[in-house]
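Here's the structure we're looking at; comments come further down.
Protein chains: 2
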Amino acid sequence: MSYTGYRGKGLEFLKKSKVEVGNQVKIHADLPYSGIIMPRYEYLDDSHIVLKLEDGYNIGLDIGKIKKIELEPSPKTTKENIPKLETDPALPRILLISTGGTIASKIDYRTGAVTPALTASELNATVPELSKTANIDTEVLFSEYSENLLPEHWIKIAEKLNSYARSEYRGIIVAHGTDTMQYTAAALAFSLSGFPKPVALVGSQRSSDRPSSDAALNLIAAARFLVETDTSGIFVVMHNTSSDDEIACHWATRVRKNHTSRRNAFQTVGGWPAFIIEDNRIEKDKLFNPQKGEYNPKIKFDNRVVLVKYYPGFEPKIMDYIISSGYKAIIFEGTGLGHVGKIMYDTIEKAKKKGLFVGMTSQCIDGMVRMTVYDSGRDLLNLGVTPLGNMIPETALVKAMWALANSKDSAEMTKIMKENIALEFSD
Amino acid sequence: MSYTGYRGKGLEFLKKSKVEVGNQVKIHADLPYSGIIMPRYEYLDDSHIVLKLEDGYNIGLDIGKIKKIELEPSPKTTKENIPKLETDPALPRILLISTGGTIASKIDYRTGAVTPALTASELNATVPELSKTANIDTEVLFSEYSENLLPEHWIKIAEKLNSYARSEYRGIIVAHGTDTMQYTAAALAFSLSGFPKPVALVGSQRSSDRPSSDAALNLIAAARFLVETDTSGIFVVMHNTSSDDEIACHWATRVRKNHTSRRNAFQTVGGWPAFIIEDNRIEKDKLFNPQKGEYNPKIKFDNRVVLVKYYPGFEPKIMDYIISSGYKAIIFEGTGLGHVGKIMYDTIEKAKKKGLFVGMTSQCIDGMVRMTVYDSGRDLLNLGVTPLGNMIPETALVKAMWALANSKDSAEMTKIMKENIALEFSD
Chain A
1 MSYTGYRGKG LEFLKKSKVE VGNQVKIHAD LPYSGIIMPR YEYLDDSHIV
51 LKLEDGYNIG LDIGKIKKIE LEPSPKTTKE NIPKLETDPA LPRILLISTG
101 GTIASKIDYR TGAVTPALTA SELNATVPEL SKTANIDTEV LFSEYSENLL
151 PEHWIKIAEK LNSYARSEYR GIIVAHGTDT MQYTAAALAF SLSGFPKPVA
201 LVGSQRSSDR PSSDAALNLI AAARFLVETD TSGIFVVMHN TSSDDEIACH
251 WATRVRKNHT SRRNAFQTVG GWPAFIIEDN RIEKDKLFNP QKGEYNPKIK
301 FDNRVVLVKY YPGFEPKIMD YIISSGYKAI IFEGTGLGHV GKIMYDTIEK
351 AKKKGLFVGM TSQCIDGMVR MTVYDSGRDL LNLGVTPLGN MIPETALVKA
401 MWALANSKDS AEMTKIMKEN IALEFSD
Chain B
1 MSYTGYRGKG LEFLKKSKVE VGNQVKIHAD LPYSGIIMPR YEYLDDSHIV
51 LKLEDGYNIG LDIGKIKKIE LEPSPKTTKE NIPKLETDPA LPRILLISTG
101 GTIASKIDYR TGAVTPALTA SELNATVPEL SKTANIDTEV LFSEYSENLL
151 PEHWIKIAEK LNSYARSEYR GIIVAHGTDT MQYTAAALAF SLSGFPKPVA
201 LVGSQRSSDR PSSDAALNLI AAARFLVETD TSGIFVVMHN TSSDDEIACH
251 WATRVRKNHT SRRNAFQTVG GWPAFIIEDN RIEKDKLFNP QKGEYNPKIK
301 FDNRVVLVKY YPGFEPKIMD YIISSGYKAI IFEGTGLGHV GKIMYDTIEK
351 AKKKGLFVGM TSQCIDGMVR MTVYDSGRDL LNLGVTPLGN MIPETALVKA
401 MWALANSKDS AEMTKIMKEN IALEFSD
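Chains A and B supply the protein sequences, listed in that same order.
According to my numbering, the residues represented by the first sequence are 1 to 427, in order.
According to my numbering, the residues represented by the second sequence are 1 to 427, in order.
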């Protein structure tokens, strides 16, 4: 039996009524309500049951006011009632790889269960529009919320994609949690630089128990993007506005999650999305030129890199610890045009003497680092700090992990960090 | 003699020509040029001299093509030619405290020197419009680029302001570098909560050798804001757009520098500026309610606080080091709605066992932390992590330094961190 999130009186009530999370029920209270019992995610009180109504909205029902709960036949998707997946030989084939996250759990959520399970049939049942665009094969690679992903997961995804680089798929969708999607996108852009097919990372900002979920629209837009455009490389496909009119397709190394909850949380920093996907057309940004380099996968990362955000009161001893603990590179999120306080100069000198790569980005996130304008910047240049242009800090961190794993020394790493490998410099 | 930035051939050339940085000269090359010799900030070549022309633009002149340099009478501001400061007894009095930064150096920059020196007379000479708004007294507190400021500088500024809390000044301008202006603004908002006068932190995004400098307009707008509105508390006054039409007045705890170089780099996160200052009027945001609390200064900060930005590949051993090094509080910049990977749970448990305060903000910067939506968030709540709403990470860090210094234990600190002291929670 599943009672996720219920405790105290609420838990007792469910047990007594012989119903559980995921059950289709009819509840008689002030009015009769039909719906699915949902997991509870609030610790605050134990006297309400959450019901997902047929219109998609959730309501909380006070157990003190419930007269009766009747178990009803569940309309939940079973092998029997999933519509048979129709394939149309005239349509291109797309592969959908699932790694977890809200978007993957969404697909199966009608049952009340949150474990991701994304077969082609289930997908087809949930987002039937997809089958009008392409024939979709699906594959579950792993099932993790993206805050739990590590560089080793990036490697798994990259190797999986690499194995399909020369396949007959028109393009590949990667369903992914949104928390660290931008890190994975950047990791794929560097390690699979020049990938010959388009890859769309797709997530969902709203959990499936909310009627405003963006999962289906993002998936449909991603499929259309893969089929209707003639491009290649790694992209992130998410809502462009808070309405459903526009889906944005961001280039992997320039995208950032800039809001915790909005559907249009993802933005291209220092530019515009590469493509805008609308109902009747897909528009390419005039300035966007996808990479044309040779495909030469280098699927290695070394996480002996630390991202250090500088702020007033930051103590150099933390840097000293990093330097003495085997790390090989430091990416600063400096202030303004790329500065840190004078208090840091000694420890930076130590880092450089020990052969660490020290790169500079800005905590402003947007705009170029320019270290020749003020004395502070020039001092840091003289100490051997490498300015990283307008690379966003998270991308610079991922690139450093990749560059470190793929270079023999600090000089080679510095050269790689300055090179525009995957459009990470946009100015 | 001053040759800032010149080396090799360029340096030799200046010495031979008996001119230095700051001199007014006439240079005969392909054409004749009149201007001031500027410092050089590019290390790349040593064969050019930078001249600031009368129209404000800088040009680089190849020394190989210079036929002659003539020293001309310098129009630089001297005690003799500064217009006498006119005071108008009908106007209110404002105090301008200078702490350094581009805005302070700007004022004196016509001479080619970059040391800040901001007397009332010089100010009046440079920004004559100010004297139409108020009678301005000035005071140089210190002269530092703001990347070099530490919590001890916040204390100096706060104590100086506190000493004028009951003075006859209508309001106070603090000229400040932009790099860490938001940190100082937050520090003042907490330590001087309920300050009875309006305080405007003002900076400049463009160095004075650029015709597009924003310093004068920001100063004028700040003076008008202090004189024309009936409000109090700590604000940041900077350009609102890339044009000169609108100056924004941001509330101290909600403002962030979101671009390295734009004049409108500062933005109110999760809302709108408290006031917009236009040519003919000052408009207050409907939702902005300045604090009405009693003035109760608590000018203490304790920097045994670390801001930790979580990312894939972050190693818990860095947290372990922080925990064992005497730090008393950790502010996370988590992912999404306020998460960190499972890999961090053990070290967070250690931190809590040791009595550290652990607070959660989001690296998305904008939006609420909501830790009850996903398992990851609920796990962290259960470990004792405190969600910090939509407080921006840098403000949370400053608040933690202030709360730590003003509480006797972790429980009291937690209480302070959750309280809305200086409008740091806007939702």
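Here a beta-carbon is modelled for each residue, glycine too, at the ideal position from N, C-alpha and C.
Predicted model only: the values in this text are computed from it and were never measured.
Mark Asn258 (chain B) as exposed unless 16 or more other C-beta atoms lie within 10 angstroms of its C-beta, in which case mark it buried. buried
Which residues, in chain order, does the region 348-381 of chain A contribute to contact with chain B at a C-beta distance below 9 angstroms? Ser362, Gln363, Cys364, Ile365, Asp366, Gly367, Met368, Val369, Arg370, Thr372, Val373, Tyr374, Asp375, Ser376, Gly377, Arg378 and Leu381
Could you spell out the range, first to last residue, of the alpha helix (DSSP H) harbouring Asn382 (chain A)? Asp375 to Leu383
Could you say which of A:Ser146, A:Ser34 and A:Asp30 lies nearest to Tyr311 (chain B) if we only look at CA atoms? A:Ser146
Between the region 389-414 of chain A and chain B, which residues of the former have CB atoms less than 7 angstroms from a CB of the latter, in chain order? Glu394, Leu397 and Met401
Does any residue of chain B have a CB that is nearer than 9 angstroms to the CB of Ser146 (chain A)? yes
Mind checking Asp45 (chain A): buried by the 16 CB within 10 Å criterion, or exposed? exposed
Compare the C-beta of Ser325 (chain A) with all C-beta atoms of chain B and state if any pair is closer than 9 angstroms. yes
Nearest-angstrom Cα distance between Phe142 (chain A) and Ala265 (chain B)? 41 angstroms
Closer than 9 angstroms by beta-carbon distance: list the chain B residues that pair up with Asn303 (chain A), in chain order. Pro312, Gly313, Phe314 and Glu315
Under 8 angstroms by beta carbon: chain A residues contacting Tyr183 (chain B): Tyr311 and Pro312
At 3 residues or longer, and completely inside the region 294-335 of chain B: list those beta strand (DSSP E) runs for me, N to C. 305-309 and 329-334
Is the beta carbon of Ser34 (chain A) sitting closer than 9 angstroms to the one on Gly8 (chain A)? no
Anticipated Cβ contact below 8 angstroms, Thr178 (chain A) with Gly203 (chain A), distance rounded: 4 angstroms
Which residues of chain B have a Cβ atom closer than 7 angstroms to the Cβ of Thr335 (chain A), listed in chain order? Glu147, Asp179 and Thr180
Which residues does DSSP pair with Leu61 (chain A) in a beta bridge? A:Ile49
Spell out whether any CB of chain B is found under 9 angstroms from the CB atom of His48 (chain A). no
Along chain A, which residues have their Cβ under 8 angstroms away from the Cβ of Ser191 (chain B)? What Ser191 (chain B) touches in chain A: nothing, since even the nearest Cβ is about 14 angstroms away.
For Pro128 (chain B) versus Gly171 (chain B), is the C-beta spacing smaller than 9 angstroms? no
For Ile220 (chain A), which residues from the same chain have a beta carbon less than 8 angstroms from its beta carbon, with the 5 sequence-adjacent residues on both sides left out? Val127, Glu129, Leu130 and Thr133
Where Ile37 (chain B) falls: helix, strand or coil (DSSP): strand
Just mark Glu70 (chain B) as buried or exposed, buried being the case when its beta carbon has 16 or more other beta carbons within 10 Å. exposed
Chain-order list of residues whose beta-carbon lies under 6 angstroms from that of Pro393 (chain A) (same chain, five-residue window excluded): Glu333 and Thr361
Quick one: using the 10 Å Cβ neighbour count with 16 as the cut-off for buried, is Glu283 (chain B) buried or exposed? exposed
I need the boundaries of the alpha helix (DSSP H) containing Asn218 (chain B), first residue and last residue. Ala215 to Glu228
Mapping DSSP to helix, strand and coil, what is Leu192 (chain A)? coil
Report yes or no: do three or more beta-carbon pairs, one from the region 404-418 of chain A and one from the region 17-33 of chain B, lie closer than 8 angstroms? no
is_contact[Val255 (chain A), chain B] using C-beta, thresh 9 angstroms: no
Decide if Ala90 (chain A) is buried, meaning its Cβ has at least 16 other Cβ atoms within 10 Å, or exposed. exposed
Residue-level contact to chain A via CB, Ser261 (chain B), 9 angstroms cutoff: yes
Just verifying my parser: in three-state terms, what is the DSSP assignment at Leu287 (chain B)? coil
My output table needs one value for Pro116 (chain B): the three-state DSSP class, helix, strand or coil. Caution is warranted here: a pLDDT of 48 is assigned to Pro116 (chain B), below 50, making its placement in the model unreliable, and no coordinate value can be reported.
Could you tell me whether the Cβ of Pro151 (chain A) comes closer than 9 angstroms to any Cβ of chain B? yes
Val398 (chain A) - containing alpha helix (DSSP H), residue span: Pro393 to Ala405
Just to make sure I have the definition right: I need the residues of chain A whose C-beta is within less than 7 angstroms of the C-beta of Leu307 (chain B). Which are they? Lys309 and Tyr311
Skipping 5 residues on each side, what residues in its chain have a beta carbon closer than 7 angstroms to that of Ser2 (chain B)? Glu20, Val21 and Gly22
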